[in-house]
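Notes to accompany the following structure.
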Amino acid sequence: MLETKEIAALFNLIDDPDEEVYSTVSQRITDFGTNIIPNLENLWENTLREDVQERIEILIHKLHYSDLVNDIAQWNSSAYNDLLFGALLVSKFQYPELQTTPVLQEIEKIRRNVWLELNSFLTPLEQANVITSIIYNYYNLKGAEITYANPDDFLLHKVLQTKKGNTLSNGVLYLVLAALLDIPVKAINVPKHFVLAYFKKDYDAAVHKGNPQQYIQFYVDATTGQPFSHKDIELYFKRISVPIASFYFRPISNKRIIQMLVEELAKCFMAPKVQYKQEELLKLAALLD
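Anchor point for the sequence shown: position 187 equals 187 in UniProt numbering, and the numbering is continuous, going up by one each time.
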């Protein structure tokens, strides 16, 4: 732990009722960076007042958030925006001490189980059915509609732990596995729904400038892993009264998927007491524009 007279003096002022004084004190504390977190945790453990503990928790969160902003910015500017790494960065908003190694090991275990069931003689639909069978049946992953009562439903590591996610987080897991297995599944822009599309193997968005829909073989419901047809997607557009356009069938970039994940997670923090988290998440989403 850092030990200085200045830190001791600052800690004595954490409970100051004057908001201007507290604002100055909190800014100076956060200037020390994450090295001061052990001091704050020790102070929290030796503090009986709940209001002071809340202030300490917010200070620790701000310090972790500052690091996360830097990590997201680096991920954003990298040549290859790895979807798995991006999803784990989102998890670190709520769980800054997250150890990623167990998550990577669990992903690899699932990938290997799928890989063992695949072979070059399977049709694309049969390949998709293998992925669905392993994830949703063997591993018992459950899917639910998006609600904003539980932030964990959006976090990949918690989805793996609890075996329960929503259409967005389950879809991210499906996409991560498909990429690791070199299976051409992409998320597309279907409105009001997170839909996965199984593209033809030779499809390249940079080369094929026509309507991407002609290169899609079928679709996958990310919530349940169930495949559905072009006829089904046409009926869906008719039901929501949206004219079909080629834009809706373009693959979404990994950067946009992570941005969507952050934006949806932000909606879990509408209550006044945690609204600062919503503001922070929207700032992270803006970094990805």
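No residue lacks a Cβ here, since even glycine has one placed at the ideal position from N, Cα and C.
- Beta-bridge partners of residue 196 (DSSP): 187, 220.
- Linking residue 68 to residue 117 through their CA atoms gives a straight-line distance of about 38 Å.
- Taking C-beta atoms as the reference points, residue 205 and residue 251 count as a pair closer than 8 Å.
- For residue 171, the uninterrupted alpha helix (DSSP H) segment begins and ends at 167 to 180.
- Considering only 174, 7, 124, 147, the residue with the shortest C-alpha distance to residue 160 is 174.
- For residue 143, the uninterrupted beta strand (DSSP E) segment begins and ends at 142 to 144.
- Distances from the CA of residue 212 to each of 230, 226, 19, 221 were compared; the closest alpha carbon is that of 230.
- Here residue 286 is exposed. Its C-beta has fewer than 16 other C-beta atoms within 10 Å.
- Distance from the CA atom of residue 43 to the CA atom of residue 16, rounded to whole angstroms, is 15 Å.
- Per the coordinates, the alpha-carbon of residue 96 lies some 22 Å from the alpha-carbon of residue 176.
- Note that the C-beta distance between residue 63 and residue 30 is below 8 Å.
- Of the candidates 115, 45, 70, 156, 156 places its Cα closest to the Cα of residue 98.
- The secondary-structure analysis by DSSP pairs residue 227 across a beta bridge with 220.
- Around the beta carbon of residue 265, 16 or more other beta carbons lie within 10 angstroms, which makes this residue buried.
- Excluding its 5 nearest sequence neighbours in each direction, residue 283 has C-beta neighbours in its own chain below 8 Å: 69, listed in chain order.
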